[in-house]
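Q: So for the sequence shown, the numbering used here puts the first residue at 1; every next one is plus one.
All residues carry an ideal CB built from backbone N, CA and C; glycine is no exception.
Sharing a structure with you now.
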Amino acid sequence: MRLFPRGVRLRTQIVLLQVALVALILGLAFGVFAYLSDQRLSAEYGQRALAIARTVVSEPVVRAEVARYAALEPGPLLRAELASGELEQTAEAAQLRTGALFVVITDDAGLRLAHPDPARLGQRVSTDPSEALAGREVVIREHGTLGDSVRAKVTVREPGSDRVAGEVSVGISTEAVSDQLVSDLRRAAVLVMGALFAGIAGALLLGRRWHGLTLGLQPAELAELVREQDVVLHGIGVGVVAVDARWRTTVINDEARALLGIDGDSGRSVDSIGLTPRVLEAFRGADGRPVQAAVGDRIVVVTARTVTRDGRALGAVLDVRDRTDVESLTRQLDAVRSMSTVLRAQRHEFANRLHLLSGLLHGDRPSEAARYIDELLGSGPLGAAMPGIDAVRDPYLQAFLAAKAAHARENGVSLRLGPSTWVDANLVAPVDVTTVLGNLLDNAIDAVRVVDPAPTGSGAPAEFDARICDDSGANGPGALVEVELVQEGSTLHITVADSGPGIGPELVDSLFADGVSTKYGGGVPGGRGVGLALSRQVARALGGDVWLASAEGSGGQLSGAEFIARLPGVLSEGEVS
């Protein structure tokens, strides 16, 4: 059943309900007050009448005269005597002095010995005097010949005896009670109206407060929002964490708990729900820029935005997207791109050699052509590209190293294999191996490139440092990266050292933290600082690890940093098929 028409707004409903409730409560309170006041006033006036009656009874002349008249026979002469007697004078004086409606004195038979109306003297009283004549005081509200009154009846006893000689009845008009009650109710009504107005003002303030808390939304809209929130938050593949203006969590959906590894309840501070420092920094920044972060064994992209309504800040929302599979595909694509680079270089190199052979044959110089072919068969393209590559038997790993060597040459860096390199097995986890190896090599190549890391602003490529560049424009003979791969059963050990400036002591302890980088753009949203953290996560997921063996070399060509990786279970033991 509807209390209000469909079009009435929630704020108006709240105000009307509050006003109605306050009015009902005040009305009930006023009614109870009126009833209790009436009872109280009746009791007070009854006690007043009783006190007057007791005072009249206590006078000796009253007791003596009542005892004397009680023995006489009623008649006209007696009424005349009573009208001018002492009892009538005493009763009239008491009535005038106290303002009572009447003071009536009777004998033991209930006949009036004193009465405001002399014509009624000697007659029986209109109300029952039996209680008082039985020796009991009575306070009662009755209707008599003089109207409604609150009256008290007190026994009159003979002087020096307990024998009942009559009774005194004193009445106070109910009009006096009503007048006093009306006066009290008027004062109470003023208070009630004040309370009603205060209640209306409170209802208006409550309605305004409710309007602000619900952002002006109606119950149907609020219910629809709750249903939509349930559907959206638990039906999408994106993690959502929402906080209020005080940075206390209000919503954490299941996807966010899984992706971020948190288990916080609503109402807790965002600092205490277990977010990684990089994610928490991005959340606190809330600038709307996507930030890539490593959380456990996952790569996620988080974006935080502030939420406002009508210019009022309501909090912030963090959305979390899983990029682990995308990152894995990206690594595979990088490997394919690297191998395609090698193939293009090989195709170019083979084209040049075929042109030379064609020239020798067309020039009728077959002996030189034969000698040139023998030289080609002795070296091969990979051997020419990277000496010692034959120590690595896996073709996937050979192609990847050759591609990195080509990439290094393009940047004026020399990449060489360490003297202890030996891998006589197939890769069973090529993506994991190239992820770790590729990150370590890329970092080492970047470290020995002597280029300006900051953007030039003109769109032109950055210049090499002229102090150590040779005439060809490369980084000089000291730009060197050495990688060493050693097989131990199914475990692959990787060592990467470079001739760069090394790692500063301030970064040694935090180098593998998410978002920490020595290169330009490291540590900023969307910037660098993921590679080493990702490499360590991949290695540890395999049961191995990646660590910094030396922040700075001891001298010679390889005076930079040295990293070591241990990757168990990534090789299949035995000969390559």
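#1: Measuring alpha carbon to alpha carbon, tell me which residue in Y35, T90, R248 and A100 is nearest Q47.
#2: Pair every Cβ in the segment 528-543 with every Cβ in the segment 559-568, then say whether three or more of these pairs are closer than 8 Å.
#3: Between A256 and R278, which are expected to be in contact by the criterion C-beta below 8 Å, what is the C-beta distance as a whole number of angstroms?
#4: Enumerate in chain order the residues of its own chain whose CB-to-CB distance from A29 is below 8 Å, with the five nearest sequence positions on each side excluded.
#5: Give me whichever residues DSSP pairs with N426 in a beta bridge.
#6: Enumerate, from N- to C-terminal direction, the unbroken alpha helix (DSSP H) stretches of 4 or more residues contained entirely within the segment 112-148.
#7: Spell out a yes or no on whether the segment 132-139 and the segment 183-192 are touching, meaning 3 or more CB-CB pairs, one atom from each, closer than 8 Å.
#8: Given a cut-off of 8 Å on the beta-carbon distance, is the pair A43 and A165 in contact?
#9: Any idea if T249 is buried or exposed, counting beta-carbon neighbours within 10 angstroms, 16 or more meaning buried?
#10: Taking V56 and T90 to be in contact with their CB atoms under 8 Å, please state how far apart those CB atoms are, rounded to whole angstroms.
#11: Return the CA-CA distance between L16 and G199, expressed in angstroms with no decimal places.
#12: In the DSSP assignment, find the unbroken beta strand (DSSP E) run with G171 in it and report its ends.
#13: Since A541 is in the alpha helix (DSSP H), which residue starts that stretch and which ends it?
#14: Under the rule that 16 or more other beta-carbon atoms within 10 Å means buried, what is L592, buried or exposed?
#15: On a CA-only basis, which of D148, A351 and S58 is nearest Y45? Give me that one, please.
#16: Specify the secondary structure class of F512 as computed by DSSP and reduced to three states.
#17: Which residue wins for smallest C-alpha separation from L24, given the options L196, N439, T12 and S130?
#18: Given a threshold of 16 other Cβ atoms within 10 Å of its Cβ, counted over all protein chains shown, does T434 qualify as buried or as exposed?
#19: In angstroms, rounded to a whole number, what distance separates the CA positions of A408 and V436?
#20: When DSSP labels each residue in this structure, what does G502 get in the three-state scheme?
#21: Roughly how many angstroms separate the alpha carbons of E88 and Q123, rounded to a whole number?
#22: According to DSSP, simplified to helix, strand and coil, what is L26?
#23: Quick check on DSSP: helix, strand or coil for D394?
#24: If you reduce the DSSP assignment to three classes, tell me which class G315 lands in.
#25: List the whole-angstrom C-beta distance separating V168 from V150, where the pair is believed to meet the contact cut-off of C-beta under 8 Å.
A: On the basis of the coordinates in this document:
#1: Numbered from 1 along the sequence shown, position 47 holds the residue referred to as residue 47. Closest by alpha carbon: A100.
#2: Flag = yes, the segment 528-543 and the segment 559-568 touch.
#3: Indexing the sequence shown from 1 puts residue 256 at position 256. Indexing the sequence shown from 1 puts residue 278 at position 278. With a Cβ gap of about 16 Å, A256 and R278 do not count as contacting.
#4: The residue you call residue 29 lines up with position 29 of the sequence shown. The residues are V192.
#5: Indexing the sequence shown from 1 puts residue 426 at position 426. Partner(s): S572.
#6: Complete alpha helix (DSSP H) runs here, min 4: 130-133.
#7: Verdict: no, contact absent.
#8: Locating residue 43 in the sequence shown gives position 43, where the first residue counts as 1. Locating residue 165 in the sequence shown gives position 165, where the first residue counts as 1. Going by beta carbons, A43 and A165 fall outside the 8 Å limit.
#9: Here residue 249 refers to the residue found at position 249 of the sequence shown. Counting of Cβ neighbours within 10 angstroms places T249 among the buried residues, the total reaching 16 or more.
#10: The sequence position of residue 56 within the sequence shown is 56, counting from 1. The sequence position of residue 90 within the sequence shown is 90, counting from 1. Between T90 and V56 the Cβ distance is about 7 Å, and since that is below 8 Å, they are a contact.
#11: Taking the sequence shown and counting its residues from 1, one reaches residue 16 at position 16. Taking the sequence shown and counting its residues from 1, one reaches residue 199 at position 199. Near 11 Å, if we compare the C-alpha coordinates of G199 and L16.
#12: Here the question's residue 171 lines up with position 171 in the sequence shown. Here the beta strand (DSSP E) through G171 covers V164 to S173.
#13: For this step, residue 541 is matched to residue 541 along the sequence shown. Segment G531 to A541, the alpha helix (DSSP H) holding A541.
#14: Since the first and last residues shown for the chain are 1 and 577, residue 592 lies out of range.
#15: Stepping through the sequence shown from its first residue, residue 45 is reached at position 45. The shortest C-alpha to C-alpha distance from Y45 to any of D148, A351 and S58 is the one to D148.
#16: The residue given as residue 512 occupies position 512 in the sequence shown. For F512, the secondary structure class from DSSP, reduced to helix, strand or coil, is coil.
#17: The residue labelled residue 24 in the question sits at position 24 within the sequence shown. Selected option, being the one with the closest Cα: L196.
#18: Here residue 434 refers to the residue found at position 434 of the sequence shown. With 16 or more other Cβ atoms within 10 Å, it is buried.
#19: For the purposes of this step, residue 408 is taken as residue 408 along the sequence shown, with counting starting at 1. For the purposes of this step, residue 436 is taken as residue 436 along the sequence shown, with counting starting at 1. Each residue's Cα considered, the two are about 17 Å apart.
#20: Stepping through the sequence shown from its first residue, residue 502 is reached at position 502. The answer is coil: DSSP assigns G502 none of H, G, I, E or B.
#21: Position 88 of the sequence shown holds residue 88. Position 123 of the sequence shown holds residue 123. So the two alpha carbons sit approximately 14 Å from each other.
#22: In the sequence shown, the residue the question calls residue 26 occupies position 26. If DSSP states are grouped into helix, strand and coil, L26 belongs with the helices.
#23: Residue mapping note: residue 394 aligns to position 394 of the sequence shown, counting from 1. Coil.
#24: If you number the sequence shown from 1, residue 315 lands on position 315. Annotated three-state conformation of G315 is strand, per DSSP.
#25: For the purposes of this step, residue 168 is identified with residue 168 of the sequence shown, where counting begins at 1. For the purposes of this step, residue 150 is identified with residue 150 of the sequence shown, where counting begins at 1. Not confirmed; about 15 Å, so no contact.
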